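If you're matching positions, the sequence shown starts at -14 in my numbering and goes up one per residue.
The beta carbon of each residue, even a glycine, is placed where N, CA and C say it ideally should be.
Quantities reported herein were computed from a predicted structural model and do not represent experimental measurements.
In what follows, a structure is listed as structure tokens, so that the remarks can point back to it.
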Amino acid sequence: MNTRNPHQAPVRPHPAPLSVCVVTETFPPEINGVAMTLGRLTEGMCARGHRLRLVRPFQSRADRPERDGSLFTSPVNGIPLPFYPEVRVGLVGTGWYRDLWRRERPDVVYVATEGPAGWNAVRQAARMGIPTVTGFHTNFHAYGRYYHAEPLQRLVMAYLRAVHNRSACTVVPTEALRAELTGNGFRNVRVMTRGVDCTLFAPARRSRDLRRAWGVENGELVVLHVGRLAPEKNIELAADAFRAIAAEVPSARLVIVGDGPLRHDLARRHPRAIVTGARRGAALAEHYASADLLLFPSEAETFGNVTLEGMASGLAVLAYDYAAAREHIDSGRNGVTVPVGDRDRFVAAALALARDRSGLERLRENARRTALGVAWQAVVARFEELLTRCAQGGMP
């Protein structure tokens, strides 16, 4: 486990509130880790007195430019991603940014996604001398193996590198990802970890009624998977692990929370699984807290907010040893990790956890304690520090 806390660096206050233009192709109420993170960051920056303009694709036909306190939203045209139709790629050119920033020049631009909206924002900001910070939120270069597009992986990485190297710095959530990107030619990569809302995600939200709806009357084991139901999430491994558990613990239940292209196929091939669809807010928190063991076998995360949300909810989390799991799980104390890609070890670890309920309870208690020390306030302070240094002309 990496105990380094890079997000706790002191904040250098800006002499006046910052004017920040945030460019992203996903934002709440869309359900994914990038949208959730940006929602937390923008909310935190507004609470600290900064002015933000959010540029994102239209989310509905009724979408209009609007102001919510110190956050002004400018929706732009977009088209759905072919392999991720829930997210739209912004179609906005450099001229649109030029006109916007001539009217309202920001102190700094934060580009969170690398689609056309992000690429053109980085290019136009460079032309106008506006400092820019980029965020590396998604391992798009790794998705090729899941969508039969392996030959494109190097090309995608080259494109991502070109986008990010035009900015003053690239922000990543873990030290391991910083090292990986630096080794691939990305310059000025800085770490800003993620937080978790321990008031929303909490063991107190455990619901007897929800467990009863799942067919669980007493203390039977509930195994949970949360995430987009898509190939890159490796959900079949979670299903394989549960099959091994059910062979020894027939009363165990598998609950799958999420939506995506594999949802109906999963429900068809695993009729005993409870596939709930997407959940958000208090309903999502209730689903977490009402389970006992979280299986998270994804190999394509930049961070994996699900890990921290599960820990905050008092679940024992089994995950591969990278991203958030490497940062926050001390295997055997507050969760369990296994080497990335070792499917047999993952299944064996899941079965061992199901067999040892007293050990599982110990992991759950320690997981909650760990999550209580990971607050969003410190992450927002780190974000503010990076943007402030960039706006002042220094290297973050």
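Helix, strand or coil for residue i? Go by DSSP, reduced to three states.
i	result
L280	strand
T373	helix
H149	helix
G103	helix
A352	helix
A(-6)	Only weak support is given to the placement of A(-6): the predicted model assigns it a pLDDT of 38, under 50, and the value that follows is read from those uncertain coordinates. Of the three classes helix, strand and coil, the one that applies to A(-6) here is coil, per DSSP.
L137	helix
V325	coil
R265	coil
T(-12)	With a pLDDT of only 40 at T(-12), under the threshold of 50, the placement of this residue in the model should not be trusted; the figure read from the coordinates follows. Coil at T(-12), not helix or strand.
T123	coil
V364	helix
Y131	Confidence in Y131 is poor, its pLDDT being 48 and thus under 50, which makes the residue's placement too unreliable to answer from.
H255	coil
G63	strand
L293	helix
E10	coil
R112	helix
F171	coil
Quick one, are the C-beta atoms of residue i and residue j less than 8 Å apart?
i	j	result
L357	A301	no
G75	A47	no
R398	W361	With the chain running from -14 to 381 in the structure shown, residue 398 is simply not present.
L39	F12	yes
L222	L251	no
L206	A237	yes
S298	K218	no
W199	I259	yes
R349	A274	no
A226	L280	yes
Which residues bound the alpha helix (DSSP H) around residue i?
i	result
C31	G18 to A32
G80	T79 to R88
A229	I220 to E233
Going by other Cβ atoms of all chains shown within 10 Å of its Cβ, with 16 needed for buried, is residue i buried or exposed?
i	result
G243	buried
A143	exposed
I64	exposed
A97	buried
G170	exposed
P70	exposed
N(-13)	Low per-residue confidence applies at N(-13): pLDDT is 46, beneath 50, and the placement is therefore not dependable enough to give any value.
H126	Low per-residue confidence applies at H126: pLDDT is 48, beneath 50, and the placement is therefore not dependable, though the value from the model is reported in the following sentence. Buried is the call here.
D92	buried
E15	buried
N290	buried
S45	exposed
G383	This structure leaves residue 383 out entirely; the chain is present only between -14 and 381.
G168	exposed
H(-8)	Here H(-8) scores only 38 on pLDDT, less than 50, and its place in the model is too uncertain to base an answer on.
P136	exposed
H313	buried
H249	exposed
By alpha-carbon positions, which one of the options ends up nearest to residue i?
i	options	result
G120	N150, R139 and R340	N150
A263	L76, H272, F12 and L140	H272
L56	V19, C6, P14 and V94	C6
V176	E165, C183 and T184	E165
E99	R253, D329 and L66	L66
W104	L145, A297, M113 and H35	L145
Q109	A20, E10 and V94	V94
R342	L269, P324 and I230	I230
H35	L372, G378 and G379	L372
Y307	R163, A297, A1 and F186	R163
G295	F368, I259, P188 and P324	P188
T9	L303, H122 and T159	H122
A304	V321, A267, T22 and P2	V321
R73	R83, E346, T79 and V61	V61
G379	R90, V118 and T58	V118
Span of the beta strand (DSSP E) holding residue i?
i	result
T155	C154 to V157
D194	Where D194 is concerned, there is no enclosing beta strand (DSSP E), although the alpha helix (DSSP H) it sits in stretches over R193 to A198.
R52	E51 to D53
L39	R36 to P42
R311	First-last for R311: A308 to H313, but that is the alpha helix (DSSP H), not the beta strand (DSSP E).
A301	A301 to Y305
L209	V207 to V211
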